[in-house]
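Residue numbers (my numbering), protein chains in the order written: chain A, 10 to 209; chain B, 10 to 209. For every residue, glycine included, the Cβ atom is placed at its ideal position computed from N, Cα and C. Below is one structure, written out as structure tokens; comments come after it.
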């Protein structure tokens with residue numbers, strides 16, 4: 010323990026961050042106290058504001074401090090494309106990696122009855138109402154390729170069919186830059202089975 | 010960018026922490042918003058309090074929210090032993106690794122004229138006054154085993170000699186070029202236990 014109770018409390022509090030153990034928390038505390046108090050004050054302010062004000066968008070359920078998030082409110086996004094993701098983190102990954110200019114719907118989970126996550130918890134009624142508005146032409150299912158994600162995708166395809174909306178799914182296969190030798194058998198078998206024409 | 014400006018600001022603010030890049034900052038922000046808002050609120054509070062209230066102990070110069078830190082104020086510490094360290098982080102490492110029950114003096118740096126760090130910046134006048142009080146019998150020099158740390162140790166041994174105080178140095182065993190803060194506890198405890206006379 011250091012001679013400062015407040016410093017000990019700060020080190021302890023830093024451990025709420027994922028992947029931060031005792032030693033890393035110490036290093037972070039000393040770093041900000043010695044070299045970046047302005048940054049620490051700013052972080053304190055933003056953490057306070059974010060935990061206080063960030064809720065969920067009433068339209069797409071992603072994180073938002075407004076009733077309608079900036080992506081749902083933006084007139085420049087294509088309302089005929091709706092991408093379904095499990096979490097706000099997945100949404101951000103797609104925003105950063107692709108040129109997708111449509112809108113999103115965030116499930117905030119995946120179908121998992123044992124964890125008490127059913128259609129109600131995933132907001133599927135809200136999604137059905139969204140599709141019933143008639144604007145969406147294609148629903149892009151981007152749930153994770155896990156057993157639960159696949160079950161969720163299956164249920165989503167039913168909702169799309171009922172609404173007369175075309176449902177698509179992210180392609181599965183060999184990741185770019187991967188080595189065939191080290192890829193798991195399931196992925197390799199799937200990629201082999203759904204091989205495509207090579208265009209010269 | 011996510012649909013929440015406040016979330017983007019939180020992610021940006023998290024990057025003030027050492028070793029936290031864009032991807033880690035995202036993961037941290039999503040983690041606390043999804044799973045640990047109470048922890049995040051506590052962290053915000055402690056960061057605010059720490060940057061606001063933690064200054065330096067007027068006696069040993071370590072981090073403290075009081076004028077005199079808890080270690081200097083404690084009657085149960087041995088006032089005849091004074092351990093000199095470069096940083097509060099080094100002090101904490103020694104507290105955690107060894108059974109040292111004496112007191113500390115923190116240089117808040119090391120002799121480094123090119124960086125503008127001379128005897129004044131290291132508080133050596135304060136240290137000399139401390140030794141002149143006559144209570145200290147042994148001064149344990151625990152500066153880092155780097156070129157600058159060795160130069161600092163050399164200067165410290167002169168101060169001890171002038172005050173008629175025995176100066177000792179952490180034993181060899183601490184790898185050269187290493188930083189005390191990151192050395193495993195066993196090595197540090199061993200080096201601390203076999204400290205040797207400092208030859209001026």
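In whole angstroms, what is the alpha-carbon distance linking residue i and residue j?
{"i": "residue 156(A)", "j": "residue 57(A)", "result": "37 Å"}
{"i": "residue 88(B)", "j": "residue 97(A)", "result": "56 Å"}
{"i": "residue 46(A)", "j": "residue 60(B)", "result": "6 Å"}
{"i": "residue 121(B)", "j": "residue 127(B)", "result": "6 Å"}
{"i": "residue 194(A)", "j": "residue 158(A)", "result": "19 Å"}
{"i": "residue 189(A)", "j": "residue 180(A)", "result": "17 Å"}
{"i": "residue 210(A)", "j": "residue 142(A)", "result": "It is not possible to answer for residue 210(A), since the shown part of chain A is limited to 10 through 209."}
{"i": "residue 196(A)", "j": "residue 204(A)", "result": "12 Å"}
{"i": "residue 62(B)", "j": "residue 69(B)", "result": "17 Å"}
{"i": "residue 35(B)", "j": "residue 21(A)", "result": "21 Å"}
{"i": "residue 102(A)", "j": "residue 207(A)", "result": "28 Å"}
{"i": "residue 30(A)", "j": "residue 30(B)", "result": "17 Å"}
{"i": "residue 268(A)", "j": "residue 75(B)", "result": "Coverage of chain A is limited to positions 10 through 209, which leaves residue 268(A) absent and any answer about it impossible."}
{"i": "residue 32(A)", "j": "residue 100(B)", "result": "14 Å"}
{"i": "residue 172(B)", "j": "residue 114(B)", "result": "16 Å"}
{"i": "residue 48(A)", "j": "residue 55(B)", "result": "14 Å"}
{"i": "residue 65(A)", "j": "residue 37(B)", "result": "18 Å"}
{"i": "residue 192(B)", "j": "residue 201(B)", "result": "12 Å"}
{"i": "residue 144(A)", "j": "residue 86(A)", "result": "12 Å"}
{"i": "residue 73(A)", "j": "residue 16(B)", "result": "8 Å"}
{"i": "residue 123(B)", "j": "residue 184(B)", "result": "25 Å"}
{"i": "residue 116(A)", "j": "residue 84(A)", "result": "23 Å"}
{"i": "residue 104(B)", "j": "residue 125(B)", "result": "29 Å"}
Check whether chain B comes within 8 Å of residue i, counting only Cβ atoms and requiring the distance to be less than that.
{"i": "residue 92(A)", "result": "no"}
{"i": "residue 101(A)", "result": "yes"}
{"i": "residue 85(A)", "result": "no"}
{"i": "residue 79(A)", "result": "yes"}
{"i": "residue 23(A)", "result": "yes"}
{"i": "residue 198(A)", "result": "no"}
{"i": "residue 208(A)", "result": "no"}
{"i": "residue 26(A)", "result": "yes"}
Between residue i and chain A, is the shortest Cβ-Cβ distance under 8 Å, so that the two count as touching?
{"i": "residue 18(B)", "result": "yes"}
{"i": "residue 195(B)", "result": "no"}
{"i": "residue 184(B)", "result": "no"}
{"i": "residue 168(B)", "result": "no"}
{"i": "residue 12(B)", "result": "yes"}
{"i": "residue 201(B)", "result": "no"}
{"i": "residue 67(B)", "result": "no"}
{"i": "residue 95(B)", "result": "no"}
{"i": "residue 71(B)", "result": "yes"}
{"i": "residue 98(B)", "result": "yes"}
{"i": "residue 5(B)", "result": "Given that chain B is displayed from residue 10 to residue 209, the structure contains no residue 5(B) and the question cannot be resolved."}
{"i": "residue 192(B)", "result": "no"}
{"i": "residue 116(B)", "result": "no"}
{"i": "residue 15(B)", "result": "yes"}
{"i": "residue 104(B)", "result": "yes"}
Compare the beta carbon distance of residue i and residue j with 8 Å and say whether it is the shorter of the two.
{"i": "residue 177(A)", "j": "residue 162(A)", "result": "no"}
{"i": "residue 154(A)", "j": "residue 79(B)", "result": "no"}
{"i": "residue 146(B)", "j": "residue 170(B)", "result": "no"}
{"i": "residue 81(B)", "j": "residue 112(B)", "result": "yes"}
{"i": "residue 12(A)", "j": "residue 71(B)", "result": "yes"}
{"i": "residue 118(A)", "j": "residue 95(A)", "result": "yes"}
{"i": "residue 93(A)", "j": "residue 165(A)", "result": "yes"}
{"i": "residue 91(B)", "j": "residue 168(B)", "result": "no"}
{"i": "residue 199(B)", "j": "residue 182(B)", "result": "yes"}
{"i": "residue 160(A)", "j": "residue 53(B)", "result": "no"}
Run the proximity test for residue i: is its beta-carbon closer than 7 Å to any non-hydrogen atom belonging to the ligand ZN?
{"i": "residue 28(A)", "result": "The ligand ZN is absent from the structure shown, which contains no ligands of any kind."}
So with Cβ pairs under 8 Å, would you call residue i a contact of chain C?
{"i": "residue 12(B)", "result": "Any reference to chain C falls outside this structure, whose protein chains are A and B."}
Members of the region 31 to 61 of chain B that neighbour chain A once the beta carbon cut-off is set at 7 Å: Residues passing the 7 Å Cβ filter: 35, 36, 37, 39, 40, 41, 42, 45, 46, 48, 49, 50, 51, 52, 53, 55, 56, 57, 58, 59, 60.
Check whether the region 14 to 29 of chain B touches the region 28 to 44 of chain A, counting contact only when three or more Cβ pairs, one atom from each stretch, lie closer than 8 Å. Contact between the region 14 to 29 of chain B and the region 28 to 44 of chain A is present, because at least three Cβ pairs lie under 8 Å.
Any chance the region 134 to 141 of chain B sits against the region 101 to 108 of chain B, with 3 or more Cβ pairs inside 8 Å? Because the criterion of three Cβ pairs below 8 Å is not met, the region 134 to 141 of chain B and the region 101 to 108 of chain B do not touch.
Interface positions of the region 120 to 133 of chain A facing chain B (Cβ-Cβ less than 8 Å), listed along the chain: Correct list: empty, as no residue qualifies.
Counting only Cβ-Cβ distances shorter than 9 Å, please list the residues of the region 132 to 161 of chain B near chain A, keeping chain order. Sequence-ordered contacts of the region 132 to 161 of chain B with chain A are nonexistent [C-beta pairs closer than 9 Å].
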